[in-house]
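Residue numbers (the UniProt record's numbering): 1 to 388. Where is the CB? At the ideal position from N, CA and C, for every residue including glycine. The next block holds one structure in the form of structure tokens; read it before the comments.
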Ligand SMILES: Cc1ncc(COP(=O)(O)O)c(C=O)c1O
């Protein structure tokens, strides 16, 4: 079904080549489907890399965006944005942190993690007055591409040519070594409950609980990166709800905007207090359009039955994957599995009208829109059978 005649694809001289050559160009979407320039239809198990939770061209969201665009797009944080207050109340209300939570809005996942890293250091400088600067991350982690977030992302290939990175951002070589590295010099540790970019590997609840306990014992902060897992992707609003830990700071992005750039940092109030006026900021973060979208997405995902659907259809997808693949792992509608040749699998799937993402030479990730239905899982299985 894939097309080699897409006009746009042969005219890319003016773009940076940092994404390499793209073989497809999508021009339209509807629910769980994308359409390329030739009109060919694809079952989208990428959802804009775990972003378009409500599917493509969602009618309700389109109305909200159009209405907000006709009312007020942007004012900056010189002014209070009512939508920020509304969405912050909702996120703080369900975060379940150890004390009241506060929220700050940004524009992307990397920016949310960058802010979390700064917040952790500022907390130790200004509130706890311990002046700790060390921040730990886990082997296999992915937290983003800005210099701070990159310093917390241990993949050597991403560091190539960008060193020196931030000092005191440390990634021990094993999960055990992370625990062993926790002492009174550590400001914080950042974790993903399910490591998405690595290939959708959930961390054991017991490990995360032990990590959380040790951090608490030494007065270090637990940052949970929910950029990919948050907003219902794993079957609960936050993935940490399923593993019995209480973060001090949570970062969100991706699904919160369904494709419109929105990110958020949620923190317990004594940590958030470290960001006094002027300590951090962004021009666009939390603008009226972003907040109209964020509020709509939040209200939809938290409606009765929505997350139940994610779990039900997620279970059906897991069963299909277990029938056909090795090393299937994930939660909700976020799954990874092994194949012999991931590049070839991805391209053969696209040729048959199915879009998946490649995590490594032998690992595939599927993160479909959360509105997926059983009939789509059936269609997925039919294509997969042809591909393998
Ligand atoms: C867990 C995690 N954190 C951070 C990021 C970076 O987010 P963004 O691409 O919005 O900057 C990603 C993106 O894939 C992610 O999966």
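Would a C-beta distance cut-off of 9 Å place residue i and residue j closer than the cut-off?
{"i": "residue 202", "j": "residue 329", "result": "yes"}
{"i": "residue 261", "j": "residue 298", "result": "no"}
{"i": "residue 130", "j": "residue 219", "result": "yes"}
{"i": "residue 137", "j": "residue 119", "result": "no"}
{"i": "residue 221", "j": "residue 182", "result": "no"}
{"i": "residue 331", "j": "residue 242", "result": "yes"}
{"i": "residue 133", "j": "residue 167", "result": "yes"}
{"i": "residue 170", "j": "residue 211", "result": "no"}
{"i": "residue 43", "j": "residue 321", "result": "no"}
{"i": "residue 274", "j": "residue 101", "result": "no"}
{"i": "residue 238", "j": "residue 93", "result": "no"}
{"i": "residue 286", "j": "residue 12", "result": "no"}
{"i": "residue 223", "j": "residue 186", "result": "no"}
{"i": "residue 104", "j": "residue 228", "result": "no"}
{"i": "residue 347", "j": "residue 90", "result": "no"}
{"i": "residue 98", "j": "residue 246", "result": "yes"}
{"i": "residue 57", "j": "residue 29", "result": "yes"}
{"i": "residue 172", "j": "residue 139", "result": "yes"}
What distance in whole Å lies between the Cβ atoms of residue j and residue i, which are believed to be in contact at a cut-off of 8 Å?
{"i": "residue 313", "j": "residue 374", "result": "6 Å"}
{"i": "residue 83", "j": "residue 295", "result": "6 Å"}
{"i": "residue 135", "j": "residue 188", "result": "5 Å"}
If you drop the 5 nearest sequence neighbours on each side, which residues of the same chain put their C-beta closer than 6 Å to that of residue i?
{"i": "residue 252", "result": "226, 230 and 264"}
{"i": "residue 148", "result": "114, 117 and 166"}
{"i": "residue 316", "result": "374 and 377"}
{"i": "residue 383", "result": "352 and 354"}
{"i": "residue 146", "result": "110 and 114"}
{"i": "residue 144", "result": "109, 110 and 113"}
{"i": "residue 88", "result": "103"}
{"i": "residue 248", "result": "221, 222, 268 and 271"}
{"i": "residue 4", "result": "Any reading at residue 4 needs caution, since the residue's pLDDT is 43, under 50, leaving its predicted position unreliable; the model's value is listed next. Contacts found: none."}
{"i": "residue 142", "result": "153 and 197"}
{"i": "residue 184", "result": "218"}
{"i": "residue 86", "result": "295"}
Can you list, in chain order, the residues of its chain with a C-beta nearer than 8 Å to that of residue i? Leave out the 5 residues immediately preceding and following it.
{"i": "residue 385", "result": "324"}
{"i": "residue 53", "result": "47, 231, 232, 233, 255, 258, 297, 301, 369, 370 and 371"}
{"i": "residue 27", "result": "35, 36 and 37"}
{"i": "residue 41", "result": "1, 33, 34, 35 and 353"}
{"i": "residue 318", "result": "328, 330 and 335"}
{"i": "residue 51", "result": "254, 255, 257, 258 and 259"}
{"i": "residue 127", "result": "270, 271, 273 and 274"}
Can you find the residues in the same chain that come closer than 7 Å, C-beta to C-beta, to residue i, ignoring five residues on each side of it along the sequence?
{"i": "residue 363", "result": "199, 336, 338 and 342"}
{"i": "residue 123", "result": "221, 271 and 274"}
{"i": "residue 281", "result": "77"}
{"i": "residue 475", "result": "Outside the displayed span of the chain (1 to 388) sits residue 475, for which this structure offers no information."}
{"i": "residue 55", "result": "31, 32, 369 and 371"}
{"i": "residue 381", "result": "320"}
{"i": "residue 207", "result": "175"}
{"i": "residue 79", "result": "none"}
{"i": "residue 379", "result": "43"}
{"i": "residue 244", "result": "205 and 209"}
{"i": "residue 279", "result": "122"}
Would residue i count as contacting chain C if we go by Cβ distances under 9 Å?
{"i": "residue 22", "result": "Considering every chain present, this structure includes no chain C. It has just one protein chain."}
With a cut-off of 8 Å, do at least 3 Cβ pairs link the region 229 to 237 to the region 187 to 199?
Enough Cβ pairs lie closer than 8 Å, so yes.
Inter-stretch contact at 8 Å, needing at least 3 Cβ pairs: the region 145 to 163 / the region 314 to 331:
Touching, no.
With three or more C-beta pairs closer than 8 Å as the rule, is the region 353 to 369 touching the region 35 to 51?
With a cut-off of 8 Å, the region 353 to 369 and the region 35 to 51 count as touching, because enough Cβ pairs lie within range.
Given 8 Å as the limit, is there contact between the region 109 to 126 and the region 62 to 75, that is, 3 or more CB pairs closer than that?
In the pairwise beta carbon analysis, the region 109 to 126 is classified as not touching the region 62 to 75: fewer than three pairs are separated by under 8 Å.
What beta strand (DSSP E) runs, 3 residues minimum, are completely inside the region 149 to 211?
DSSP assignment within the region 149 to 211 yields the following whole beta strand (DSSP E) runs of 3 residues or more, N-terminal first: 186 to 191.
Is there contact between the region 47 to 66 and the region 265 to 273, where contact requires at least three CB pairs shorter than 8 Å?
No, the region 47 to 66 does not touch the region 265 to 273.
Restricting to runs no shorter than 3 residues, where is the beta strand (DSSP E) found entirely within the region 11 to 92?
Segments of the beta strand (DSSP E) lying fully in the region 11 to 92: 26 to 30, 33 to 36 and 41 to 44.
Would you mind listing the alpha helix (DSSP H) stretches within the region 242 to 302 that are 4+ residues and don't spill past its ends, in chain order?
DSSP runs (the alpha helix (DSSP H)) wholly in the region 242 to 302: 269 to 272 and 288 to 301.
Note down, one range per segment and in chain order, each alpha helix (DSSP H) of at least 4 residues found wholly within the region 344 to 372.
Fully contained in the region 344 to 372 is no alpha helix (DSSP H) run of length 4 or more.
Segments assigned beta strand (DSSP E), at least 3 residues, entirely inside the region 213 to 240
Taking only runs of at least 3 residues, the beta strand (DSSP E) segments lying wholly in the region 213 to 240 are 221 to 225.
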